[in-house]
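In structure tokens form, the structure reads like this:
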């Protein structure tokens, strides 16, 4: 069994909805991250065995296997294939897992893994609502098996976030305090240049657009809940990840490829797994997935120097903190998706990229990434810094 190494990792800035990246074709957005990755590593692109990219709502400009399209749009060799992965919000994290599994098995030596999403062009859930044109009002509602098991319950990430807040006794004020801290950490990281090494300028944009420098608890408190209070609505837009556009790409290599091409590994993928949980509660799987990953890896929470837990909603991370007992000072130290944005199919790779650079900046050894995903799922990746 081969080891799987991260040779390099790069991402575009995350653009806000309707912002500077909104009109960039998703293939060009992905191509930019791939091109920068190949240039930084300095390898012959023809040596790459596969391109595995995550993307959600693969319709319109994101359809037709965006992994392959992005590689070709970058002007890279036609001989290299590509495949697109959809594990909802965890799509590009799963792409990293598939890439690592390919090189560990010996079926590939070099794989580009990452993801892309332009939510300004293709709205969240567009693939779900597209079925209406073919006479289906609900992608789940027509399934006898689904109805028999889960009934006709509302399936909504917003409802799930509200349910988590209620179940774990997380007050709106606590979530607003967390959300404000996310913005403050993101702004501080940008100002300190902590993202400079991982971000590649695109069309004049060199920094993440989403963090709000002028936000405040008072501004957050004035926002109405996304769902009516009479049905349990407490989550507001300020407590949710931001709609965004972006791409990220990593080069994953086997130990044999490292030797053959004279590469310098920056990290080893020490563990990768995925677990499922209640699809109606939807966003709680990172709790069980983290416990599972640490147990299988033979590690303790204290062994992890830095965590990236996707901030789909403030309640998700706060419930994870309550259940795991992790040190909040080690979690999302440079802000999370509440501040930095959540370009669905790109976020997993973005988190691994930010984690790698964060470990290098702080001289940490182990880092863990996890995120909630549609269908009540979660991926966990543990990396060990080497360089």
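Numbering (the working numbering), first residue to last: 18 to 404.
Where a beta carbon is used, it is the ideal one built from N, C-alpha and C, also for glycine.
For residue 64, same chain residues with a beta-carbon under 7 Å away, outside a window of 5 residues either side, are 127, 278 in chain order. With contacts defined as CB atoms closer than 9 Å, residue 43 and residue 264 qualify as a contacting pair. The criterion of a C-beta distance shorter than 9 Å is satisfied by residue 306 and residue 292. Taking residue 144 as the centre and dropping the five residues before and after it, the same chain places the C-beta of 74, 75, 76 closer than 7 Å to its C-beta, in chain order. Taken atom to atom, the span from the alpha-carbon of residue 285 to that of residue 22 is near 4 Å. With a beta-carbon spacing of about 29 Å, residue 51 and residue 199 fall beyond the 8 Å limit used to define contacts. Residue 67: member of the beta strand (DSSP E) spanning 67–71, first to last residue. One thing to note: residue 237 has its Cβ within 9 Å of the Cβ of residue 196. Residue 54 has its alpha-carbon roughly 18 Å from the corresponding atom of residue 375. A straight line joining the alpha-carbon of residue 246 with that of residue 33 spans about 28 Å. Of the other Cβ atoms in all chains shown, 16 or more fall within 10 Å of the Cβ of residue 226; this residue is therefore buried.
The residue among 390, 37, 367, 380 with its C-alpha nearest the C-alpha of residue 212 is 367. When only Cα atoms are considered, residue 384 and residue 270 end up about 19 Å apart. Using a Cβ-Cβ distance cut-off of 8 Å, the stretch 172–189 and the stretch 323–332 are in contact, since at least three pairs of beta carbons, one from each stretch, lie closer than that value. Put simply, the stretch 249–259 does not touch the stretch 342–350. Fewer than three CB pairs are less than 8 Å apart.
Taken in chain order, the complete alpha helix (DSSP H) segments of 4 or more residues contained in the stretch 131–172 are 143–146, 161–167. DSSP, read as helix, strand or coil, puts residue 19 in coil.
Between the alpha carbons of residue 274 and residue 400 lies a distance of about 19 Å. CA-to-CA, the gap between residue 98 and residue 87 works out to about 11 Å. Counted as a single uninterrupted DSSP element, the beta strand (DSSP E) harbouring residue 394 occupies residues 394–402. Under DSSP, the beta-bridge partners assigned to residue 33 are 261.
With respect to the C-alpha of residue 30, the residue from 309, 46, 216, 365 having the closest C-alpha is 216.
Contact annotation: residue 148 and residue 101 have beta-carbon atoms that are not nearer than 9 Å.
Within the DSSP secondary-structure output, residue 290 pairs in a beta bridge with 397. The C-alpha of residue 314 is placed about 8 Å away from the C-alpha of residue 287.
Buried is the label assigned to residue 108, since at least 16 other Cβ atoms lie within 10 Å of its Cβ. Counting only residues of its own chain and dropping the five nearest sequence neighbours on each side, residue 341 has a CB closer than 8 Å to the CB of 304, 307, 308, 318.
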